[in-house]
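Worksheet: one structure, shown below.
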Ligand code: GLV
Ligand code: MN
Ligand code: MN
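Residue numbers (the working numbering): 592 to 1025.
What follows is the structure in structure tokens.
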């Protein structure tokens, strides 16, 4: 197919929306969302469905040792594929779009090409990575971290989940410990489509977010140990109250974010008091702290200020505090050539665009360690995500999927050594001469 016709190719938005709904019905929740925590039975059913769609399309499908699944459409030449994808695991209060859009839009791109009889120069691959959410097994982006060699499979197998399950055993139990070795094959480039999960695009009435990078992420589990005692008889100054310390730490995280100013964010998402009784001073408190910033220096400041606050409160209340790092990823800048390409492609297709960093973690931030990478965002209604009400308008899903299609097509056709030089001007074809 000549280049001019390739630039006219568009995805089938109805098929994409149908698949998002069909996948979202697995682990479906009241209110419209779904729960497919990593390596649960629901995750297995979701994997099986997406695997069927990949096989039906005739992709060459491989499952690797950590359960990442990659389907490849052959190119005219062998060599590193242009890759897209995301994740299909969700948080326990998940929506239908987080991650799932990136995988199903990638599948839709490959199906569009296959149905049009297009064989690109480079192979094209779509994958889904194990345990992006980290809601059951920390860290988040675990599968893509293993894919790029940032964590060994052996260490990943030993991770214990919040429910006490062992990751390697769960992978075996659901039948997704595959034969393909990790680290995985390095792609020519990686582009991920994702919902924004925040309110910026909607607020600015912009159609496509051109993602310039991902902010740094610091997750800690904090365990405070005090002594349980009678709530009525123990004078306040003789208590070793782990609950009080945890709640002070919680308010400190909030105030710290305010003092450091935007874009610093801080969240205590879990808090577990023991023995959790109305008339007993808490003997222990276990909580999580999520700190994020686009600046590594400010993120480090947030971490040391939080650590100092722990020391101070532990001494004052005669408690002990143990802090365990659950995840720590520095901020990531995407490849400017791919960022430019996404922007030019989105504009050529008639979209308004905004360059923005990502507040959420994504598999693309791991892939950026090994190959030129960028992301495409589409608006989230009300900026809501990790919530059953998560929603993106079908027209926005379609626009994002078409930007993904045309960006991947460009990357799959361009000369390996001159793709950075390609003409990315908004109204011009982004095709390299061929
Ligand atoms: C992953 O979704 C994260 O950003 O927490
Ligand atoms: Mn996601
Ligand atoms: Mn998520």
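Built from N, CA and C at the ideal position, the CB exists for glycine as well. Model, not experiment: these values are computed from the prediction.
Nearest candidate by alpha-carbon position, reference residue i, set the options
{"i": "residue 743", "options": "759, 753 and 754", "result": "759"}
{"i": "residue 887", "options": "927, 845, 806 and 826", "result": "806"}
{"i": "residue 638", "options": "711, 850 and 653", "result": "653"}
{"i": "residue 860", "options": "875, 751 and 810", "result": "810"}
{"i": "residue 671", "options": "647, 715, 698 and 659", "result": "715"}
{"i": "residue 705", "options": "592, 761 and 917", "result": "592"}
{"i": "residue 911", "options": "698, 680 and 815", "result": "815"}
{"i": "residue 874", "options": "846, 833 and 898", "result": "833"}
{"i": "residue 821", "options": "709, 882 and 872", "result": "872"}
{"i": "residue 924", "options": "906, 956 and 942", "result": "956"}
{"i": "residue 882", "options": "902, 843 and 865", "result": "843"}
{"i": "residue 651", "options": "643, 664 and 722", "result": "664"}
{"i": "residue 880", "options": "721, 624, 737 and 916", "result": "916"}
{"i": "residue 689", "options": "857, 675, 948 and 625", "result": "625"}
{"i": "residue 784", "options": "922, 1006, 1004 and 990", "result": "990"}
{"i": "residue 791", "options": "622, 969, 764 and 757", "result": "969"}
{"i": "residue 812", "options": "781, 878 and 736", "result": "878"}
{"i": "residue 836", "options": "761, 944, 768 and 897", "result": "897"}
{"i": "residue 684", "options": "977, 963, 767 and 733", "result": "977"}
{"i": "residue 942", "options": "769, 701, 986 and 647", "result": "986"}
{"i": "residue 777", "options": "736, 644 and 687", "result": "736"}
Residue i beta carbon near ligand 1 (any heavy atom closer than 6 Å)
{"i": "residue 981", "result": "no"}
DSSP beta-bridge partners of residue i
{"i": "residue 1026", "result": "Nothing can be reported for residue 1026, as the shown portion of the chain is limited to 592 through 1025."}
{"i": "residue 675", "result": "717 and 782"}
{"i": "residue 821", "result": "871"}
{"i": "residue 965", "result": "782"}
{"i": "residue 625", "result": "619 and 685"}
{"i": "residue 948", "result": "804"}
{"i": "residue 920", "result": "808"}
{"i": "residue 862", "result": "878"}
{"i": "residue 664", "result": "715"}
{"i": "residue 857", "result": "882"}
{"i": "residue 655", "result": "771"}
heavy atom of ligand 2 below 6 Å from residue i C-beta
{"i": "residue 634", "result": "no"}
{"i": "residue 789", "result": "no"}
{"i": "residue 708", "result": "no"}
{"i": "residue 690", "result": "yes"}
Contact under 7 Å by Cβ, residue i with residue j
{"i": "residue 691", "j": "residue 614", "result": "yes"}
{"i": "residue 682", "j": "residue 724", "result": "yes"}
{"i": "residue 808", "j": "residue 747", "result": "no"}
{"i": "residue 662", "j": "residue 717", "result": "yes"}
{"i": "residue 609", "j": "residue 680", "result": "no"}
{"i": "residue 1002", "j": "residue 673", "result": "yes"}
{"i": "residue 801", "j": "residue 612", "result": "no"}
{"i": "residue 703", "j": "residue 602", "result": "yes"}
{"i": "residue 995", "j": "residue 967", "result": "yes"}
{"i": "residue 818", "j": "residue 831", "result": "yes"}
{"i": "residue 732", "j": "residue 954", "result": "yes"}
{"i": "residue 607", "j": "residue 695", "result": "yes"}
{"i": "residue 781", "j": "residue 964", "result": "yes"}
{"i": "residue 999", "j": "residue 675", "result": "yes"}
Contact test: residue i Cβ vs ligand 3 heavy atom, cutoff 6 Å
{"i": "residue 680", "result": "no"}
Residues near ligand 1, criterion Cβ-heavy atom distance below 6 Å: 724, 731, 951 and 952
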